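Trainee:
In our numbering, the protein residues as written are 1 to 157.
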């Protein structure tokens, strides 16, 4: 979340709730004491700030670290690439982890598919952590994204 979005959420908490803004362990923000009549408008304004307000949003299938340039360990602009994938019509696995490096900080457990940023592009790990042996190496984000529509991935669905 960018600073501007957080400031916007705080303003929404003041406008629609009692000013309380809570962070949850499930990648969520909670605005307290919102009336049912105001929920739709709050959701619309939250969407304008870039927040997920719909349970069917494709971004919920993607976990990512801050990536480059926010993290000096990252070799990939993970947030930009995650936004590209979420906006595409490519099929997504139940969970796609996009890691800026092999540390895999955003999702330290195994994921069905992990794109791991490397200096020469993305490596793809299947059913493993970001530090596992990749199936493919050195792909651009477009090449890696096409793997999601490949016969290999179709068999996994």
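Note that the Cβ used here is the ideal one computed from N, Cα and C, for glycine as well. Keep in mind it's a predicted model, so treat the numbers as computed, not measured.
1. Closest to residue 63 by CA distance: which of 122, 76, 96, 146 is it?
2. Helix, strand or coil: how does DSSP classify residue 114 here?
3. To the nearest whole angstrom, what separates the beta carbons of residue 13 and residue 31, a pair I think is in contact under 8 Å?
4. May I ask you to report which of helix, strand or coil DSSP gives residue 126?
5. To the nearest angstrom, report how far apart residue 17 and residue 6 are at their CA atoms.
6. Please classify residue 133: does DSSP put it in a helix, a strand, or coil?
7. Compute the Euclidean distance between the alpha carbons of residue 144 and residue 22, then round it to the nearest angstrom.
8. Bridge partners for residue 121 per DSSP, in chain order?
9. According to the neighbour-count rule (16 or more other Cβ atoms, all chains shown, within 10 Å of its Cβ), is residue 78 buried or exposed?
10. Runs of 4 residues minimum, wholly inside the segment 45 to 70: which ones carry the alpha helix (DSSP H) assignment?
11. Based on the DSSP secondary-structure assignment, which residues constitute the bridge partners of residue 12?
Mentor: Here's the rundown:
1. As a working note, residue 63 is residue 63 in the chain shown. Checked all of 122, 76, 96, 146; the closest Cα to residue 63 is 96.
2. Your numbering for residue 114 matches position 114 in the chain shown. Annotated three-state conformation of residue 114 is strand, per DSSP.
3. Taking the first residue of the chain shown as position 1, residue 13 is located at position 13. Taking the first residue of the chain shown as position 1, residue 31 is located at position 31. That belief holds up - the Cβ atoms of residue 13 and residue 31 are roughly 5 Å apart, short of 8 Å.
4. As a position in the chain shown, residue 126 is number 126, starting the count at 1. Residue 126 falls in the strand class under three-state DSSP.
5. Position 17 of the chain shown, counting from 1, holds the residue named residue 17. Position 6 of the chain shown, counting from 1, holds the residue named residue 6. Straight across, the Cα-Cα distance linking residue 17 with residue 6 is about 15 Å.
6. Position 133 of the chain shown, counted from the start, is the residue given in the question as residue 133. Here residue 133 sits in coil by DSSP.
7. Here residue 144 refers to the residue found at position 144 when the chain shown is read from its first residue. Here residue 22 refers to the residue found at position 22 when the chain shown is read from its first residue. CA-CA distance, residue 144 to residue 22, rounds to 36 Å.
8. Taking the chain shown and counting its residues from 1, one reaches residue 121 at position 121. Note: residue 121 sits in a beta bridge opposite 118.
9. Taking the first residue of the chain shown as 1, we reach residue 78 at position 78. It counts as buried.
10. Considered as a whole, the segment 45 to 70 harbours no complete run of any alpha helix (DSSP H) with no fewer than 4 residues.
11. Stepping through the chain shown from its first residue, residue 12 is reached at position 12. In DSSP, residue 12 forms no bridge with anything.
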